[in-house]
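One structure is given here, and the rest of the page talks about it.
Number of protein chains: 10
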Amino acid sequence: MLYMTRMDVAFPPHLSAAQIADFQAREKEYSGNLQREGTIVGIWRIVGEYANHCLFDVPDNDTLHEVLSGFPMFPYMKIKVTPLAKHPNSIS
Amino acid sequence: MLYMTRMDVAFPPHLSAAQIADFQAREKEYSGNLQREGTIVGIWRIVGEYANHCLFDVPDNDTLHEVLSGFPMFPYMKIKVTPLAKHPNSIS
Amino acid sequence: MLYMTRMDVAFPPHLSAAQIADFQAREKEYSGNLQREGTIVGIWRIVGEYANHCLFDVPDNDTLHEVLSGFPMFPYMKIKVTPLAKHPNSIS
Amino acid sequence: MLYMTRMDVAFPPHLSAAQIADFQAREKEYSGNLQREGTIVGIWRIVGEYANHCLFDVPDNDTLHEVLSGFPMFPYMKIKVTPLAKHPNSIS
Amino acid sequence: MLYMTRMDVAFPPHLSAAQIADFQAREKEYSGNLQREGTIVGIWRIVGEYANHCLFDVPDNDTLHEVLSGFPMFPYMKIKVTPLAKHPNSIS
Amino acid sequence: MLYMTRMDVAFPPHLSAAQIADFQAREKEYSGNLQREGTIVGIWRIVGEYANHCLFDVPDNDTLHEVLSGFPMFPYMKIKVTPLAKHPNSIS
Amino acid sequence: MLYMTRMDVAFPPHLSAAQIADFQAREKEYSGNLQREGTIVGIWRIVGEYANHCLFDVPDNDTLHEVLSGFPMFPYMKIKVTPLAKHPNSIS
Amino acid sequence: MLYMTRMDVAFPPHLSAAQIADFQAREKEYSGNLQREGTIVGIWRIVGEYANHCLFDVPDNDTLHEVLSGFPMFPYMKIKVTPLAKHPNSIS
Amino acid sequence: MLYMTRMDVAFPPHLSAAQIADFQAREKEYSGNLQREGTIVGIWRIVGEYANHCLFDVPDNDTLHEVLSGFPMFPYMKIKVTPLAKHPNSIS
Amino acid sequence: MLYMTRMDVAFPPHLSAAQIADFQAREKEYSGNLQREGTIVGIWRIVGEYANHCLFDVPDNDTLHEVLSGFPMFPYMKIKVTPLAKHPNSIS
Numbered sequence: 001m002l003y004m005t006r007m008d009v010a011f012p013p014h015l016s017a018a019q020i021a022d023f024q025a026r027e028k029e030y031s032g033n034l035q036r037e038g039t040i041v042g043i044w045r046i047v048g049e050y051a052n053h054c055l056f057d058v059p060d061n062d063t064l065h066e067v068l069s070g071f072p073m074f075p076y077m078k079i080k081v082t083p084l085a086k087h088p089n090s091i092s
Numbered sequence: 001m002l003y004m005t006r007m008d009v010a011f012p013p014h015l016s017a018a019q020i021a022d023f024q025a026r027e028k029e030y031s032g033n034l035q036r037e038g039t040i041v042g043i044w045r046i047v048g049e050y051a052n053h054c055l056f057d058v059p060d061n062d063t064l065h066e067v068l069s070g071f072p073m074f075p076y077m078k079i080k081v082t083p084l085a086k087h088p089n090s091i092s
Numbered sequence: 001m002l003y004m005t006r007m008d009v010a011f012p013p014h015l016s017a018a019q020i021a022d023f024q025a026r027e028k029e030y031s032g033n034l035q036r037e038g039t040i041v042g043i044w045r046i047v048g049e050y051a052n053h054c055l056f057d058v059p060d061n062d063t064l065h066e067v068l069s070g071f072p073m074f075p076y077m078k079i080k081v082t083p084l085a086k087h088p089n090s091i092s
Numbered sequence: 001m002l003y004m005t006r007m008d009v010a011f012p013p014h015l016s017a018a019q020i021a022d023f024q025a026r027e028k029e030y031s032g033n034l035q036r037e038g039t040i041v042g043i044w045r046i047v048g049e050y051a052n053h054c055l056f057d058v059p060d061n062d063t064l065h066e067v068l069s070g071f072p073m074f075p076y077m078k079i080k081v082t083p084l085a086k087h088p089n090s091i092s
Numbered sequence: 001m002l003y004m005t006r007m008d009v010a011f012p013p014h015l016s017a018a019q020i021a022d023f024q025a026r027e028k029e030y031s032g033n034l035q036r037e038g039t040i041v042g043i044w045r046i047v048g049e050y051a052n053h054c055l056f057d058v059p060d061n062d063t064l065h066e067v068l069s070g071f072p073m074f075p076y077m078k079i080k081v082t083p084l085a086k087h088p089n090s091i092s
Numbered sequence: 001m002l003y004m005t006r007m008d009v010a011f012p013p014h015l016s017a018a019q020i021a022d023f024q025a026r027e028k029e030y031s032g033n034l035q036r037e038g039t040i041v042g043i044w045r046i047v048g049e050y051a052n053h054c055l056f057d058v059p060d061n062d063t064l065h066e067v068l069s070g071f072p073m074f075p076y077m078k079i080k081v082t083p084l085a086k087h088p089n090s091i092s
Numbered sequence: 001m002l003y004m005t006r007m008d009v010a011f012p013p014h015l016s017a018a019q020i021a022d023f024q025a026r027e028k029e030y031s032g033n034l035q036r037e038g039t040i041v042g043i044w045r046i047v048g049e050y051a052n053h054c055l056f057d058v059p060d061n062d063t064l065h066e067v068l069s070g071f072p073m074f075p076y077m078k079i080k081v082t083p084l085a086k087h088p089n090s091i092s
Numbered sequence: 001m002l003y004m005t006r007m008d009v010a011f012p013p014h015l016s017a018a019q020i021a022d023f024q025a026r027e028k029e030y031s032g033n034l035q036r037e038g039t040i041v042g043i044w045r046i047v048g049e050y051a052n053h054c055l056f057d058v059p060d061n062d063t064l065h066e067v068l069s070g071f072p073m074f075p076y077m078k079i080k081v082t083p084l085a086k087h088p089n090s091i092s
Numbered sequence: 001m002l003y004m005t006r007m008d009v010a011f012p013p014h015l016s017a018a019q020i021a022d023f024q025a026r027e028k029e030y031s032g033n034l035q036r037e038g039t040i041v042g043i044w045r046i047v048g049e050y051a052n053h054c055l056f057d058v059p060d061n062d063t064l065h066e067v068l069s070g071f072p073m074f075p076y077m078k079i080k081v082t083p084l085a086k087h088p089n090s091i092s
Numbered sequence: 001m002l003y004m005t006r007m008d009v010a011f012p013p014h015l016s017a018a019q020i021a022d023f024q025a026r027e028k029e030y031s032g033n034l035q036r037e038g039t040i041v042g043i044w045r046i047v048g049e050y051a052n053h054c055l056f057d058v059p060d061n062d063t064l065h066e067v068l069s070g071f072p073m074f075p076y077m078k079i080k081v082t083p084l085a086k087h088p089n090s091i092s
């Protein structure tokens with residue numbers, strides 16, 4: 001089941017560069033695993049912003065929340081979730 | 001080059017059911033062609049709305065505008081375009 | 001799987017009182033069936049507005065869109081869908 | 001008398017992990033009591049956000065404000081209250 | 001139990017001056033009755049707008065919706081309802 | 001001359017509980033005096049929010065600004081002022 | 001007593017050019033009279049919009065509403081009123 | 001003196017295709033003249049929308065309003081004007 | 001050439017009362033000079049807010065930006081600039 | 001390929017004047033280089049704001065994101081990107 005998300009990241013000012021780098025490294029690993037297992041089927045940077053669009057394929061709403069709240073940077077992200085259905089004009 | 005779009009459709013009240021059906025038939029054919037040629041690489045219905053998210057792969061901005069303004073229902077659509085870049089965490 | 005919706009109804013000015021009454025009668029029947037079969041598990045009027053909050057229990061996103069777009073008054077409704085997950089503090 | 005609420009939580013950056021955990025523990029107990037006594041008749045996590053939809057059944061506005069402002073995390077929550085009435089299409 | 005409302009009126013363009021005058025006459029009578037019976041305890045014009053603030057005293061949410069949806073001009077009004085509680089600094 | 005206000009309070013995170021309590025005590029006294037002298041003719045808590053609706057009766061705009069900016073918590077309040085006129089349907 | 005207003009004009013599509021010209025002629029006369037009597041002390045076109053900023057000097061809120069609702073084009077205007085007070089840095 | 005504008009076009013539904021084509025032809029001529037005389041120094045289509053960004057070079061505010069309100073499609077355009085100043089980092 | 005501005009002031013929480021008083025004193029002097037030289041032709045407090053409307057008369061956009069960015073409290077102000085043109089109904 | 005951007009700068013309160021001056025110096029150099037190489041083809045200050053409009057000419061979305069995220073003050077900027085296409089009325 002597919003969901004489109006938009007995630008915007010905003011670190012609080014008190015985080016050090018090292019702390020931020022650590023968050024980003026763990027985020028990269030977490031995100032990579034989700035891609036390898038097919039949970040994230042698309043991830044794109046939004047040009048000019050510290051933000052992304054992500055396409056998730058999960059069995060249900062509860063799994064999606066579990067996955068999203070597990071992102072290391074979840075406390076610093078604003079996430080908007082859009083549930084998707086098959087489009088009648090889709091040929092796939 | 002990838003762009004995410006969100007398209008919202010709103011027909012004016014004076015269109016007849018037949019006119020709307022004709023628009024939708026032509027839209028389906030136009031959209032199908034774009035998918036077969038690889039210009040649209042993803043199209044999804046937004047649940048509960050007469051709207052979609054569409055992922056376009058085009059060589060440049062001019063081509064994208066030409067494609068979007070060629071939709072039969074373009075005069076009745078509100079389109080928001082988000083240019084995308086490669087995400088540093090993407091494994092693809 | 002649960003989703004909260006908010007639906008706002010706005011009829012175009014050219015509809016007659018009889019047409020509106022017909023829409024409302026068909027809407028009542030459609031809504032009643034969804035409640036009897038357990039698809040709608042809660043429906044409430046928002047005080048002072050021609051709008052409601054509705055709680056849906058459906059197997060997936062596609063079913064929800066099929067149900068929502070099947071409402072007789074769907075063309076005259078603005079629907080916002082919020083996917084829900086189990087709350088960690090819920091005792092049910 | 002029913003009210004739908006949406007609560008969004010945002011902790012200020014100076015709170016420690018221990019302080020947050022303490023808030024969450026007291027919140028869970030407070031929320032559980034409200035559910036057991038029938039004041040909260042539904043509580044759901046909004047997918048991807050530190051937020052919830054809550055359905056309250058209280059005798060009047062004053063009681064609702066007393067209950068809401070009693071949440072341990074009230075100072076860190078943004079609450080939107082929507083009063084509900086019986087829906088004419090409700091079969092319950 | 002008190003509620004503050006804001007009502008904004010917008011007539012569709014096809015209404016004649018006579019029809020509007022008729023609506024306004026019935027509205028005045030309806031509003032006057034609500035004031036005499038104590039349901040409306042305050043009504044004020046918002047300067048420069050076809051809008052008002054109204055303070056309602058009703059036993060519950062259902063009654064408020066019944067009263068509001070009974071306004072002759074209800075189909076042409078956008079109503080925002082704010083439930084009120086006793087203020088701790090109020091001396092009344 | 002009447003004005004409706006909405007005041008939203010937000011304390012900065014560095015204030016201590018004692019400082020907040022002191023602000024609230026002075027606010028209560030200031031508000032009580034305004035009520036006793038007839039400057040505030042109504043004050044209500046907005047359910048679920050650290051906010052109020054207040055109805056002021058003052059001779060002119062300058063007096064209203066002087067009164068509002070004299071609130072002890074003025075630096076921490078966001079105030080929206082709506083000038084009111086007599087409503088043609090008012091029977092008072 | 002001073003108030004700043006912003007007025008945005010939007011004619012409904014069914015008005016003829018002659019009707020619009022008539023409205024504009026009566027508006028010009030009405031506005032000129034208000035300027036000559038000192039009720040309007042400043043009127044400026046907002047560049048690129050069918051809108052203006054207007055500075056009114058009136059004895060009270062009721063007078064301002066009477067003046068504003070008397071504009072021939074009042075039914076086609078959206079008006080926002082901002083009450084003004086003497087600025088502490090003003091040298092006038 | 002430079003100003004950036006954004007213009008959004010929305011034709012009312014009652015205009016015929018011929019009327020729209022006539023508006024567009026006159027618009028093209030008007031816009032071309034402004035470019036040739038150096039009043040418009042840049043004009044770009046916003047991808048996916050019936051809208052543009054335009055960079056104007058005019059002697060003053062009054063001239064800009066005269067130019068903008070002279071567009072044949074001015075009644076059907078929503079225009080937002082942003083006055084520009086020299087940027088300290090500009091090398092031109 | 002005239003421009004209407006709205007300026008909203010928000011001091012960061014770490015400024016001391018003395019620092020704020022110093023800013024305000026320098027602001028008063030700067031503003032007074034601008035009024036005496038005719039650059040500011042009107043300045044009004046917005047009732048209930050730490051904000052003002054200001055009417056500027058300057059030769060061009062660059063001068064206005066220079067004047068605005070010279071305000072001692074500029075880093076703590078949010079400024080919205082509206083360019084004005086002569087109104088066709090103005091009798092001045 | 002052209003893109004219009006709007007960049008708004010907001011420094012966090014803990015930065016010293018020296019740190020800000022250093023950021024601004026590096027920003028000026030970075031921006032100057034982009035102008036000299038033809039990546040930035042226009043940069044303008046928005047009057048009254050710490051913000052600019054910038055016109056970029058880059059080969060693709062990825063390059064634009066690389067350029068934008070390379071600005072020394074990128075972490076303190078909110079950037080909105082609008083992709084541009086050739087306008088049918090453009091004579092250039």
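From first to last, the protein sequence lines are chains E, R, C, S, X, W, V, F, U and G.
So the first sequence is numbered by UniProt numbering: it starts at 1 and just counts up by one.
So the second sequence is numbered by UniProt numbering: it starts at 1 and just counts up by one.
So the third sequence is numbered by UniProt numbering: it starts at 1 and just counts up by one.
So the fourth sequence is numbered by UniProt numbering: it starts at 1 and just counts up by one.
So the fifth sequence is numbered by UniProt numbering: it starts at 1 and just counts up by one.
So the sixth sequence is numbered by UniProt numbering: it starts at 1 and just counts up by one.
So the seventh sequence is numbered by UniProt numbering: it starts at 1 and just counts up by one.
So the eighth sequence is numbered by UniProt numbering: it starts at 1 and just counts up by one.
So the ninth sequence is numbered by UniProt numbering: it starts at 1 and just counts up by one.
So the tenth sequence is numbered by UniProt numbering: it starts at 1 and just counts up by one.
Glycine residues also receive a C-beta, built at the ideal position from the N, C-alpha and C atoms.
Can you tell me whether residue i is buried or exposed? The criterion is at least 16 other CB atoms within 10 Å of its CB, across all chains shown.
i	result
I91 of chain U	exposed
S31 of chain C	buried
P88 of chain E	exposed
A85 of chain X	buried
R6 of chain G	buried
H53 of chain X	buried
residue 128 of chain U	Shown here, chain U extends from 1 to 92; a query on residue 128 of chain U therefore has no answer.
Cβ of residue i less than 9 Å from any chain A Cβ?
i	result
G38 of chain W	This model lacks chain A altogether, as its protein chains are E, R, C, S, X, W, V, F, U and G.
Here's a check: name, in chain order, each residue in its chain whose Cβ is nearer than 8 Å to the Cβ of residue i, leaving out the five neighbours to either side.
i	result
residue 93 of chain V	Residue 93 of chain V lies beyond the range of chain V shown here (1 to 92); nothing can be said about it.
V58 of chain U	M1, Y3, T39, L64, V67
Under three-state DSSP, which class holds residue i?
i	result
F74 of chain E	helix
N61 of chain X	helix
A21 of chain U	helix
L15 of chain V	coil
Y3 of chain R	strand
V41 of chain C	strand
V47 of chain W	coil
N52 of chain C	strand
Please work out which residues of its chain come closer than 7 Å, Cβ to Cβ, to residue i, disregarding the five sequence neighbours upstream and downstream, and give them in chain order.
i	result
R26 of chain X	P72
P83 of chain C	Y3
I46 of chain C	N52, H53
Which residue wins for smallest C-alpha separation from residue i, given the options the options?
i	options	result
G42 of chain F	G:V47, G:R36, G:L55, G:A51	G:L55
I79 of chain E	S:Y50, S:F23, S:D22	S:Y50
D60 of chain W	W:R36, W:V81, W:Q24, W:M77	W:V81
Is residue i a contact residue of the ligand HEM, with contact defined as CB to any heavy atom under 8 Å?
i	result
K28 of chain C	The ligand HEM is absent from the structure shown, which contains no ligand whatsoever.
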